[in-house]
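One point on numbering: in the numbering used here, the residue at position 92 of the sequence shown is 188, and numbering is uninterrupted. The structure appears below as C-alpha cells.
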Amino acid sequence: MPKKTQIMVLGSGRALPEKILTNDDLSQRVDTSDTWIRSRTGICQRHVAEPGTALSDLVTAAAQNALEDAKIAAEEIDLIILGTVTGDMKFPATACFVQAKLGAKNAVAFDLSAACAGFLYGLQVAEGLMATSGYKHALVIGGEILTSMVNWQDRDTCVLFGDGVGAVVLGPSDGEHGLLHSCLKSDGTFAKLLYNPGGGSLLPPATPGADPAEFSIHMAGADVFRHAVTAMTSVLQQLLDEAGVQTSDLDLLIPHQANLRIIEAVAKRFHLPKSKVFVNVDRYGNTSAASIPIALDELRRSGELKEGALVGMVTFGAGFTWAAALMRF
Numbered sequence: 097m098p099k100k101t102q103i104m105v106l107g108s109g110r111a112l113p114e115k116i117l118t119n120d121d122l123s124q125r126v127d128t129s130d131t132w133i134r135s136r137t138g139i140c141q142r143h144v145a146e147p148g149t150a151l152s153d154l155v156t157a158a159a160q161n162a163l164e165d166a167k168i169a170a171e172e173i174d175l176i177i178l179g180t181v182t183g184d185m186k187f188p189a190t191a192c193f194v195q196a197k198l199g200a201k202n203a204v205a206f207d208l209s210a211a212c213a214g215f216l217y218g219l220q221v222a223e224g225l226m227a228t229s230g231y232k233h234a235l236v237i238g239g240e241i242l243t244s245m246v247n248w249q250d251r252d253t254c255v256l257f258g259d260g261v262g263a264v265v266l267g268p269s270d271g272e273h274g275l276l277h278s279c280l281k282s283d284g285t286f287a288k289l290l291y292n293p294g295g296g297s298l299l300p301p302a303t304p305g306a307d308p309a310e311f312s313i314h315m316a317g318a319d320v321f322r323h324a325v326t327a328m329t330s331v332l333q334q335l336l337d338e339a340g341v342q343t344s345d346l347d348l349l350i351p352h353q354a355n356l357r358i359i360e361a362v363a364k365r366f367h368l369p370k371s372k373v374f375v376n377v378d379r380y381g382n383t384s385a386a387s388i389p390i391a392l393d394e395l396r397r398s399g400e401l402k403e404g405a406l407v408g409m410v411t412f413g414a415g416f417t418w419a420a421a422l423m424r425f
C-alpha cells in the first residue's frame with residue numbers, strides 16, 4: 097500500500113492571458129489549417145500573452161487565487177518553487193519577484209528548470225524540504241510564456257504551445273490525503289531533440305550574426321513523440337508498482353497536455369477509458385510546466401475531483417525530463 101502522506105493540496109489557482117489564438121487565426125500567419133492542427137495534436141486554441149507581459153504577473157495572480165482557495169495568508173508561506181523555462185529575466189529567479197509581489201516575506205523562493213516536468217519535480221522537492229527543513233506551507237507553481245520563444249514561421253512547433261500558470265498551496269497532510277508517491281527521471285543524451293539553443297552562455301543574445309531562429313524552440317517532433325510515449329508509460333508503471341496500486345484503482349489520470357495522440361497512446365497502454373483520462377489540450381495547447389496544475393485547478397473548482405479520489409499524474413519534457421506522481425484528494 098502507498099506510504100502515509102506528508103503533504104497535501106490545501107488550495108489551487110490558475111491564471112491565463114486573455115488573448116486566445118485559434119487554429120484559424122494561426123492559418124493567417126503560417127501555412128497550416130484547423131484540420132491539420134486538430135488531426136495531429138488535438139489542439140483547437142491556446143492562450144497567448146501580449147508581448148512584454150511579465151511571467152511573474154501571471155504567476156502572482158495564480159498564486160493569489162491558490163492562497164485564497166486555501167485560506168492561507170501570503171505571510172504564512174515558507175517556500176515558493178516555480179517551475180519554468182521562461183522567467184522574467186535570466187536572474188534573479190522569477191520566484192523572487194513573485195515573493196515580493198505577493199508579500200510572502202517569510203518564504204524561501206527559487207525557480208526550478210525541468211521544462212514540462214517542472215511542476216511534478218517541484219512537488220517532490222517541496223515534499224523533501226518540508227520534511228527536513230520545517231517549512232509548513234509551500235507554493236508550488238508551474239508557469240510559462242512559451243509563445244515568447246516560438247518561431248511563428250515554423251508550423252511544426254508554433255501550433256503547439258500556449259501560455260498560462262497553475263499553482264497549488266501545500267500544507268501538512270492529515271495522513272490519508274496528499275502526495276503518496278512520486279518518481280522523477282531524466283536523460284540528457286536526448287537534449288538536442290527538444291531545446292532552445294540561444295540566449296545562454298553558449299550562444300548569448302548579442303552574438304554577432306546569430307540567426308533569430310536560434311533563439312526559439314527546436315524540436316524533432318517524431319522522435320519526441322516516440323520517447324514521450326515510452327517514457328510516460330514506463331514511469332507511470334514504476335509509480336504504480338512502487339506504490340502498490342493497480343491501474344484499476346486510479347480514479348483519474350492527469351497526463352501532461354502536449355498532444356492528444358500522446359495522451360491517447362499512454363491511456364491505451366494502461367487500458368484506461370476516456371472517462372478516467374483528463375484532457376484540456378484542445379483549449380490550452382502545451383503550456384509545459386503549467387499543464388498539470390492548470391488541470392488540477394480546473395478539476396477542483398468544477399467539483400469533478402471528488403473527496404478521496406486517487407489521481408495519477410504523468411509528464412514528459414525537454415532534457416529529457418519526465419515524472420509521475422500519485423495523490424489522494
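Ideal Cβ positions, reconstructed from N, Cα and C, are used throughout, including at glycine. Because the structure is a prediction, the values reported are computed rather than measured.
- For Pro-351, the enclosing beta strand (DSSP E) has its first and last residue at 348-351.
- Exposure of Met-185 is indicated by the presence of fewer than 16 other C-beta atoms within 10 angstroms of its C-beta.
- Distance check between Ala-405 and each of Thr-383, Lys-372, Gly-284, Leu-235 places Lys-372 closest, using alpha-carbon atoms only.
- Scanning the segment 190-229 for uninterrupted alpha helix (DSSP H) segments of 4 residues or longer gives 190-198, 214-229, listed from N- to C-terminal end.
- Per DSSP, the unbroken beta strand (DSSP E) holding Pro-268 starts and ends at 259-268.
- DSSP places Val-325 inside the alpha helix (DSSP H), whose first and last residues are 317-339.
- For Val-155, the enclosing alpha helix (DSSP H) has its first and last residue at 151-166.
- Cβ neighbours of Gly-199 within its own chain (closer than 8 Å, five residues either side excluded): Ala-170, Glu-171.
- Under the DSSP assignment, Arg-136 falls in the alpha helix (DSSP H) whose first and last residues are 130-137.
- Per the coordinates, the alpha-carbon of Gly-399 lies some 30 Å from the alpha-carbon of Lys-197.
- The criterion of a C-beta distance shorter than 8 Å is not satisfied by Leu-266 and Ala-227.
- Of Leu-332, Ala-158, Phe-215, the smallest CA-CA separation from Gly-408 is found for Leu-332.
- The segment 271-286 makes no contact with the segment 107-126: fewer than 3 CB pairs, one atom from each, lie closer than 8 Å.
- By the criterion of a C-beta distance shorter than 6 Å, Arg-110 is surrounded in its chain by Ala-158, Gly-262, Ile-390, Asp-393, once the five residues flanking it on both sides are discounted.
- Per DSSP, the beta-bridge partners of Glu-240 are Gly-260.
- DSSP, reduced to helix, strand and coil, places Arg-125 outside both helices and strands of the structure shown, so it counts as coil.
- DSSP places Ser-398 in the uninterrupted alpha helix (DSSP H) bounded by 387-398.
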